[in-house]
Amino acid sequence: MPLRKNVFLFVLIIISNISIAQQVWDESLLITPEKSNFVKTSSYADVVSFLTAIQSKSDLVHVFSMGKSLEGKDIPVAVLSKDKIKTAAEAHASGKQVVYIQGNIHAGEVEGKEVIMMLMRDILLGERINLLDNQIILFAPIYNTDSNDKMEKGRRPSQEDSPLEVGIRENSQGLDLNRDGMKMEALETKAIFSSVLLPWDPQVFVDLHTTNGTWHAYSLTWAPSYLSSGHPATYDFVNNTMLPAITQTVKEKHNLDFGPFGDYTLREGWPPKNFYTYNHHPRYLVNQFGLRNRMAILSEAFAHERFYDRIFSTYAFVSEILSYTNSHAHEIVKINKQAEAETIASMTQAGKIKKGVRFKMVPLKKLDGFISYDFIQKMKPDGKSEYVRTGKISTFKDVTYYAKFEPGVESTVPSAYLIPAAFSNLVENLTQHGVKVDKLTKSQSLKGEIFQIEKFTQASRAFEGHVMADVEGKFTPASRSFKKGDYRVEMNQSLANLIFYLLEPQSDDGLLTWNFLDEFILKNKKDNQPLEYPVFKYIK
Ligand SMILES: [Zn+2]
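Residue numbers (my numbering): 1 to 540.
Spelled out as structure tokens, the structure:
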């Protein structure tokens, strides 16, 4: 009896030891920063071999390529699900929401790439499997594949040489992948739309970056998809409910300070009075998501912390986002669906409603308890003073946060846009965005509005290889006839707000902005003579 009792006790000890035992990871599942004392970041080959290794250890992950970069590298997407889902069709049939998270859009901002692999490890083989209860997770760890490996020291001086070497921001075509959302010139942009965003239709998108700006003292800053001409519901939920809740959880669990994204400028003096976010343009993928009636989050790790700190902040953020989306899946899908339904329904009011096409940034609220590294003034030999950053973190009251966008110019929302057959370049872009475009099978005569271009200007400096275009002019009521083979874009579709942003002539981020109509305008516009914008607005 005593012996038996001892054996029983022994077994109990073994069992309890197993239950509290730490997972022992295979070398193939360690990420490069862990193997290099955080001196190095993962190469493309490192990411690919991690994905191969984890697939051999879990059947709850499937990896596919969203497309190829200019150098011919596959851009991997890992699908994590409890149902071993491999295709978008299977995902839709499962009824579970899809959440899409990507790292490395700017290949010098590497934390997201590492964090995605850590999370895959913890979800598939560790203790976070519950994150797959109500959702399917799509992870693209290395969106900008080519540029990741063009590593060099000193690329991002604000990152304290931690890690020592990182890749470059633009892709191999020299394009910033986070300015390409509207014009869609990058191979990566075409790939993400055709292979991820359109077929899988993620309800939530998270884009992982690292700032290189202001010395505020937040370990991570975030932004929602800024509200421009989109439906407000997705913005309201992400900005006012989801992100504040996650920020609070991260503070309670990890004592990390997260806050809204922005910069202050020392030109306005010290202490800080104003904190400005970036802007509303849907060329930024996160901002475009709002126009698609979906939710999105921009994550910006704090460049001035060490690499391992940035990894931890980003890990905590993504982990809590996934926890939140998992437990609020039903609510998220409902809000997105309702935004979509109301967008479509509002088109019965076409001709009577106006929406913004150009926006200006205005104050959203006052930030109390704003934290930042402190600055003092130093006298220079020439008698002038300059600001010098101290190592002290101070809290500031009454800082005005500029993160709201008010329409500067508005335009009438039509029932449909009519595009002459000659402008198939516009239709090609719309189709890549997922917009439904019909081809006329017989001629139509329609009443609506034309826009007379009175002034056409191009920017004095190139941006992303474009001298951005701009028009001034006015709308007037008119009737126009269209032939068989011309295009008609109905507005009673879920992407109506995006279509409006792309096709309005005065839009600050539309197809005219990105030179899609330059050839026509430069050829036909005579000095001082108005020129009719070729896209017609039909109003029922
Ligand atoms: Zn970035």
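All C-beta atoms in this analysis are idealised placements derived from N, C-alpha and C, irrespective of residue type, glycine included. Note that the coordinates shown come from a computational prediction; the quantities given were computed from them, not determined experimentally.
Integer-rounded CB distance, given that residue j should sit under 8 Å from residue i
i, j, result
"S372", "S219", "That pair is no contact at about 13 Å."
"W222", "I332", "Not quite, the Cβ-Cβ distance comes to about 17 Å (not below 8 Å), so this is no contact."
"K366", "T400", "6 Å"
"F375", "Y387", "4 Å"
"P505", "L512", "6 Å"
"W215", "R461", "Not a contact, Cβ separation roughly 28 Å."
"A107", "T210", "Actually they do not touch by this definition, with Cβ atoms about 11 Å apart."
"L80", "I137", "4 Å"
"Y284", "N178", "6 Å"
"D201", "I105", "At roughly 20 Å, the Cβ-Cβ gap does not stay under 8 Å, so D201 and I105 are not in contact."
"P163", "V39", "6 Å"
"S43", "D146", "Not really, about 12 Å apart at Cβ, beyond 8 Å."
"L322", "L131", "5 Å"
Contacting residues, own chain, Cβ-Cβ under 8 Å from residue i (five flanking each side not counted)
i, result
"Q493", "I344, V435, K436 and I499"
"Y501", "M182, S228, S229, P282, L291, V357, S507, D509 and G510"
"Q432", "M184, K190, F193 and S194"
"I393", "A217, I371, S372, Y373 and D374"
"S19", "For S19, the predicted model reports a pLDDT of 48, less than 50, meaning its position is unreliable; a value from the coordinates is still stated below. So the list is empty, once near-sequence residues are dropped."
"K68", "D74, I75, L187 and A191"
"R306", "F38, E160 and S162"
"F289", "F205, S225, T234, M295 and A296"
"Y143", "I75, Q102, G103, N104, I105, L177, E188 and I192"
"M491", "M347, A350, V413, P414, S415, A416, Y417, I499 and F500"
"V238", "P224, S225, M295, A296 and I297"
Contacts around residue i, its chain only, beta-carbon distance under 6 Å, and the 5 residues preceding and following it disregarded
i, result
"I521", "F456"
"V110", "T41 and V166"
"I368", "The sequence given here places Asp at residue 368; Ile does not occur at that position. Once the five neighbours on either side are set aside, the close Cβ partners of D368 are K397."
"Q529", "none"
"L531", "I453, N524 and K525"
"V409", "V357, R358 and Q506"
"F475", "E449 and F451"
"D527", "none"
"T458", "Note on identity: in this sequence residue 458 is Gln, with Thr being the wrong assignment. V467 and A469."
"A88", "P199 and W200"
"P363", "T400 and Y402"
"A422", "none"
Minimum C-alpha distance to residue i - residue among the options
i, options, result
"E152", "D161, A341 and T145", "D161"
"K326", "V204, Y387 and T214", "It is worth fixing the name first, because residue 326 is Asn in this sequence and not Lys. The option with the nearest alpha carbon to N326 is V204."
"D83", "V489, Q97, D74 and S228", "Q97"
"S225", "D257, M295, E268 and K253", "M295"
"S158", "F193, N212, L430 and N524", "N212"
"I54", "N279, P407, S411 and S28", "S28"
"I335", "Y235, K57 and A422", "Y235"
"M468", "E490, S424, K474 and L517", "L517"
"V63", "K57, G72 and P76", "P76"
"K253", "P534, D470, Y315 and T265", "Y315"
"A91", "E268, V196 and H280", "V196"
"H330", "K57, S43 and N134", "N134"
"Q23", "E127, G95, I142 and I85", "E127"
"A301", "N279, V286, Y324 and L256", "L256"
"H328", "D382, L243, G391 and S385", "L243"
"S172", "Y264, T87 and G72", "G72"
"D59", "I85, A421 and S36", "I85"
"R121", "S94, G473, Q377 and A78", "A78"
"L503", "L426, E519, E320 and V471", "L426"
"K354", "D382, S411 and K380", "S411"
"V489", "G473, E428 and W514", "E428"
Sequence-distant residues of the same chain with beta carbon closer than 7 Å to residue i, five excluded per side
i, result
"P477", "E449"
"I311", "P33, E111, E114 and V115"
"I129", "I123"
"E464", "L175, D176 and R179"
"Y324", "M242, A245 and I246"
"K439", "G485 and Y487"
"I168", "A107, G108, S147, K150 and R155"
"S319", "L119"
is_contact[residue i, chain C] using C-beta, thresh 8 Å
i, result
"S415", "In the structure shown, chain C cannot be found, because there is only a single protein chain."
- prompt: In the segment 398-471, which residue ranges form an unbroken beta strand (DSSP E) of at least 3 residues, counting only runs that do not cross its ends?
  reply: 399-412, 416-419 and 444-458
task: Decide if the segment 240-251 is in contact with the segment 268-279; the criterion is three or more beta carbon pairs, one per stretch, under 8 Å apart.
output: no
- prompt: Touching or not, the segment 431-450 and the segment 473-489, by the rule of three or more beta carbon pairs under 8 Å?
  reply: yes
Unbroken stretches of the alpha helix (DSSP H), 4 residues or longer, contained in the segment 337-395: none
field: Complete alpha helix (DSSP H) runs within the segment 164-218 (minimum length 4 residues, chain order)
entry: 187-191
- request: Kindly confirm or deny that the segment 111-124 and the segment 35-50 touch, where touching means at least three C-beta pairs closer than 8 Å.
  value: yes
task: Write down every uninterrupted run of the alpha helix (DSSP H) in the segment 37-106 whose length is 4 residues or greater and which is fully enclosed by it, in chain order.
output: 44-57 and 88-94
query: Any contact of the segment 407-427 with the segment 532-540, i.e. 3+ C-beta pairs under 8 Å?
result: yes
query: Can at least three beta-carbon pairs, one atom from the segment 336-350 and one from the segment 253-260, be found at a separation below 8 Å?
result: no
query: What are the complete beta strand (DSSP E) segments, minimum 3 residues, inside the segment 241-285?
result: 258-260 and 274-276
query: Taking only runs of the alpha helix (DSSP H) that begin and end inside the segment 488-518, which ones reach a length of at least 4 residues, in chain order?
result: 496-503
message: What ranges does the alpha helix (DSSP H) occupy inside the segment 275-334, keeping only unbroken runs of at least 4 residues that lie completely in it?
response: 285-291 and 307-327
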